[in-house]
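A.B. asks:
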Amino acid sequence: MSITQAEVCEHIESNRSELVDFLSELVAAQSLPGEEQPAQRVMREKFEELGLEIDAWEPDIETLREHPAFFETNTYTEYGYEGRENIAATDFSNSDGPSLTFSGHVDVVSPEPLSDWSYEPWKGTVEDGRIYGRGTYDMKGGVAAMAMAYQALTELGVELDGDLTLQTTIEEEAGGVGGVLSALERGYQPDAAVITEPSGVPTLGVASAGVRYFRVRVPGAAAHTAFQFRGVDAVGKAFKIYQRLMDLYEERNERIEDYGPAINQYPDAEGSTTNLSLTNIEVPGSWTSTVPGEAVMEYRIGWPPSAEQTREDIREEVEAAISEVVDEDEWLAENPPEIEWFGWNTNPHEVDFESDFFELVCEKTRQTTDGDVDYRGGLAGNDERFYNRYYDIPCPSVGPRGENAHAADEFAEIDSLVETAQILALTAMDWCGVRED
0 MSITQAEVCE HIESNRSELV DFLSELVAAQ SLPGEEQPAQ RVMREKFEEL
50 GLEIDAWEPD IETLREHPAF FETNTYTEYG YEGRENIAAT DFSNSDGPSL
100 TFSGHVDVVS PEPLSDWSYE PWKGTVEDGR IYGRGTYDMK GGVAAMAMAY
150 QALTELGVEL DGDLTLQTTI EEEAGGVGGV LSALERGYQP DAAVITEPSG
200 VPTLGVASAG VRYFRVRVPG AAAHTAFQFR GVDAVGKAFK IYQRLMDLYE
250 ERNERIEDYG PAINQYPDAE GSTTNLSLTN IEVPGSWTST VPGEAVMEYR
300 IGWPPSAEQT REDIREEVEA AISEVVDEDE WLAENPPEIE WFGWNTNPHE
350 VDFESDFFEL VCEKTRQTTD GDVDYRGGLA GNDERFYNRY YDIPCPSVGP
400 RGENAHAADE FAEIDSLVET AQILALTAMD WCGVRED
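What the sequence shown shows, in numbering that gives the first Met the number 0, is residues 0 to 436, in sequence order.
1) If you compare alpha carbons, which of S198, T168, G177 is closest to T72?
2) Decide yes or no for the touch test of the segment 139 to 158 against the segment 417 to 433: beta carbon pairs closer than 8 Å, at least 3 of them.
3) I'd like the list of long-range same chain contacts for V295, defined as Cβ closer than 6 Å, with 5 residues on each side in sequence excluded.
4) Which first and last residues belong to the beta strand (DSSP E) in which T195 is found?
5) Going by beta-carbon coordinates alone, are D160 and C431 separated by less than 8 Å?
6) Quick check on V157: does DSSP put it in helix, strand or coil?
7) Give, in chain order, every unbroken run of the alpha helix (DSSP H) that is at least 4 residues long and sits entirely within the segment 256 to 295.
8) Which same chain residues, not among the five before or five after P37, have their C-beta less than 8 Å away from its C-beta?
9) Counting only the same chain and skipping the five closest in sequence on each side, list residues whose C-beta sits under 6 Å from that of G301.
10) Name the residue from G103, E158, Y258 whose alpha carbon lies nearest to the alpha carbon of A143.
11) Taking R133 and E409 to be in contact with their CB atoms under 8 Å, please state how far apart those CB atoms are, rounded to whole angstroms.
12) Can you tell me where the alpha helix (DSSP H) with S415 in it begins and where it stops?
13) At the level of alpha carbons, what is the spacing between A420 and T167?
14) Would you mind working out which of N85, N263, G82 sits nearest Y374, comparing C-alpha positions?
15) Would you identify the three-state DSSP class for D373, choosing helix, strand or coil?
16) Once DSSP output is grouped into helix, strand and coil, what is the label at N344?
17) Quick check on the DSSP output: what are the complete beta strand (DSSP E) runs of length 3 or more inside the segment 45 to 116, in order along the chain?
18) For the alpha helix (DSSP H) containing F352, name the first residue and the last one.
19) Grab me the residues of N279's own chain with a C-beta within less than 6 Å of its C-beta, minus the 5 sequence neighbours each way, in chain order.
20) Cα-Cα, which of V433, A407, E34, S396 is closest to A206?
21) Does the beta-carbon distance from T195 to M138 come in below 8 Å?
22) Return the CA-CA distance between S94 and E256, expressed in angstroms with no decimal places.
23) Pull up the distance between the alpha-carbon of R310 and that of Y78, whole angstroms please.
24) If we count the other Cβ atoms within 10 Å of its Cβ and call it buried at 16 or more, is Q39 buried or exposed?
25) Pull the bridge partners of L163 from the DSSP assignment, please.
26) Any chance the segment 315 to 332 sits against the segment 178 to 186, with 3 or more Cβ pairs inside 8 Å?
27) Can you confirm whether the segment 217 to 224 touches the segment 232 to 248 when touching is taken to mean that 3 or more C-beta pairs between the two stretches lie within less than 8 Å?
28) Just verifying my parser: in three-state terms, what is the DSSP assignment at V397?
29) How far does the alpha helix (DSSP H) with H379 in it reach, from first residue to last?
30) In terms of residue numbering, what span does the beta strand (DSSP E) encompassing A206 cover?
31) Give the range of the alpha helix (DSSP H) segment to which E24 is assigned.
32) Helix, strand or coil for G178 per DSSP?
33) Which ranges would you report for the beta strand (DSSP E) in the segment 120 to 159 if only whole runs of at least 3 residues count?
34) Measure the C-alpha to C-alpha separation of R243 and A192 and round it to an integer number of angstroms.
35) Could you check the C-alpha separation between N387 and E9 for me, to the nearest Å?
36) Okay, do the segment 120 to 133 and the segment 16 to 28 touch, 3+ Cβ pairs below 8 Å being the bar?
Dropping the structure here:
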């Protein structure tokens, strides 16, 4: 007798406590960027229990360097890739149905400062229909949901006609080069994919922003403040550049059309869906009685698909703005600042809204949640871009509702974790096909 999709959904619902318990175990496996293996050990054990064929590997930096999406991530620079494994766990079908990958990253950002938390960040705490803890929302909740979706299919004896891969990757928070890109280059190139990032079902993730980091080193001339007339204040010079870049932020938002899915998600983002932010400033060797001899500013610039710009365009625009300040300042003209582009270096993407797979995911989302499907994305970078932009593989994100990603008291709504697992299971059944008795 064939298992119905309704029975699959009921099975996942009846096992919601197991989903929550597994997510709590995964949260307890502290896995900061560059130190992801505690969570990967938990996932390997789960995949082994499910009887999946496991492939674990360290990223090959030299192979990745040849890819147009490559850049050296902050975590690679600090930790390298040795001992940092990705995992692909596959249920290989004996038939030739379409293949599918569910993918999620296991790295999470630091919970510091711990004093801001009302809950223990490394312990899944259940309260009022929510589970609190670092990574519950971004994105161990989605990882747990995809594992439980496959577990339900297995326990009910559902056999798929196409290969299904469950994939857990490293360093998405730093750009994903050693994670999803490494998996794609290893050969995990399915007919379709889902990233279980927290989209907020029934909202689906459909786009990511282009993202670049840059650093500006502004020279001054150090002097004792008693002899201030002999020095040049580097902070004052840096402030001129800061003001020009904030003007550029305003100019870009006046020129670039707001990106709809970003406004859908965050209505208060209207007028600012392209961003340019000072994220850090340092004054090396600073002392209260010293004229600052150098100031170092770090920035992040992000832009949505509606900007229709590449990462090369962005570099030219930023450097041109800084050059305007340099040309108008006698000191900077003779002592130009150094501009260094580092870390995140990605183009934006959006999913193919007309693809059969995206339409299927929308259908299963409506079926599962009884809600109207909405779209979100375009403000931050994420792993979907690798599939959609570089490999022409349709890949939306489907994940739970919640709040406080990268902040204190992060949580996911438990009902939405169940819904995410249900959507994934039904999508696999329809996309890969189900072997009949």
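Note that beta-carbon positions come from the ideal geometry of N, C-alpha and C, so glycine has one too.
C.D. replies: Quick look at the numbers:
1) In the sequence shown, counting from the first residue as 1, residue 72 sits at position 73. That would be G177, whose Cα lies nearest to the Cα of T72.
2) yes
3) Residue mapping note: residue 295 aligns to position 296 of the sequence shown, counting from 1. Contacts found: R216, E281.
4) As a working note, residue 195 is residue 196 in the sequence shown. Taken as a continuous stretch (DSSP letters only), T195 belongs to no beta strand (DSSP E), as it is neither H nor E.
5) Counting from 1 along the sequence shown, the entry for residue 160 is found at position 161. Counting from 1 along the sequence shown, the entry for residue 431 is found at position 432. Cβ atoms of D160 and C431: closer than 8 Å.
6) Indexing the sequence shown from 1 puts residue 157 at position 158. Here V157 sits in coil by DSSP.
7) 259 to 264
8) To locate residue 37, count along the sequence shown from 1; it is residue 38. Taken in chain order, the residues that qualify are A28, Q29, S30.
9) Within the sequence shown, the letter at position 302 stands for residue 301. Here the set comprises A208, V210, N274.
10) As a position in the sequence shown, residue 143 is number 144, starting the count at 1. Looking at the Cα atoms, G103 is the closest of the given residues.
11) Taking the first residue of the sequence shown as position 1, residue 133 is located at position 134. Taking the first residue of the sequence shown as position 1, residue 409 is located at position 410. Contact holds; Cβ gap of about 6 Å.
12) By 1-based counting over the sequence shown, the position of residue 415 is 416. 413 to 431 is the extent of the alpha helix (DSSP H) around S415.
13) By one-based count along the sequence shown, residue 420 stands at place 421. By one-based count along the sequence shown, residue 167 stands at place 168. Answer to the nearest angstrom: the Cα atoms are 16 Å apart.
14) Within the sequence shown, numbered from 1, the residue matching residue 374 stands at position 375. Among N85, N263, G82, the Cα nearest to that of Y374 belongs to N263.
15) Sequence index remark: in the sequence shown, residue 373 carries index 374 (1-based). In this structure, D373 counts as strand in the three-state DSSP scheme.
16) To locate residue 344, count along the sequence shown from 1; it is residue 345. Correct three-state label for N344: strand.
17) 52 to 56, 85 to 90, 96 to 104
18) Your numbering for residue 352 matches position 353 in the sequence shown. It is not in any alpha helix (DSSP H) - F352 carries neither H nor E in the DSSP assignment.
19) Stepping through the sequence shown from its first residue, residue 279 is reached at position 280. The answer, listed in chain order, is E297.
20) The sequence position of residue 206 within the sequence shown is 207, counting from 1. The residue with the shortest Cα to Cα distance from A206 is S396.
21) The residue you call residue 195 lines up with position 196 of the sequence shown. The residue you call residue 138 lines up with position 139 of the sequence shown. Cβ atoms of T195 and M138: closer than 8 Å.
22) As a working mapping, residue 94 is identified with position 95 in the sequence shown. As a working mapping, residue 256 is identified with position 257 in the sequence shown. If you take the alpha carbons of S94 and E256, they lie about 46 Å apart.
23) Indexing the sequence shown from 1 puts residue 310 at position 311. Indexing the sequence shown from 1 puts residue 78 at position 79. Their backbone Cα atoms lie some 26 Å apart in a straight line.
24) Within the sequence shown, numbered from 1, the residue matching residue 39 stands at position 40. Burial call: buried.
25) The residue you call residue 163 lines up with position 164 of the sequence shown. DSSP output for L163 lists D90, L99 as bridge partner(s).
26) no
27) yes
28) Here residue 397 refers to the residue found at position 398 of the sequence shown. Three-state DSSP puts V397 in coil, outside helix and strand.
29) In the sequence shown, residue 379 corresponds to position 380, counting from 1. In the sequence as displayed, the identity of residue 379 is Ala instead of His. Note, A379: premise wrong, no alpha helix (DSSP H); not H, not E.
30) If you number the sequence shown from 1, residue 206 lands on position 207. A206 -> beta strand (DSSP E) spans 202 to 207.
31) For the purposes of this step, residue 24 is taken as residue 25 along the sequence shown, with counting starting at 1. 15 to 27 is the span of the alpha helix (DSSP H), which, as asked, contains E24.
32) Position 179 of the sequence shown, counted from the start, is the residue given in the question as residue 178. Three-state DSSP puts G178 in a helix.
33) 124 to 126, 129 to 131
34) Along the sequence shown, one-based indexing puts residue 243 at 244. Along the sequence shown, one-based indexing puts residue 192 at 193. Those two C-alpha atoms are separated by around 42 Å.
35) Within the sequence shown, the letter at position 388 stands for residue 387. Within the sequence shown, the letter at position 10 stands for residue 9. The alpha-carbon atoms of N387 and E9 are separated by roughly 32 Å.
36) yes
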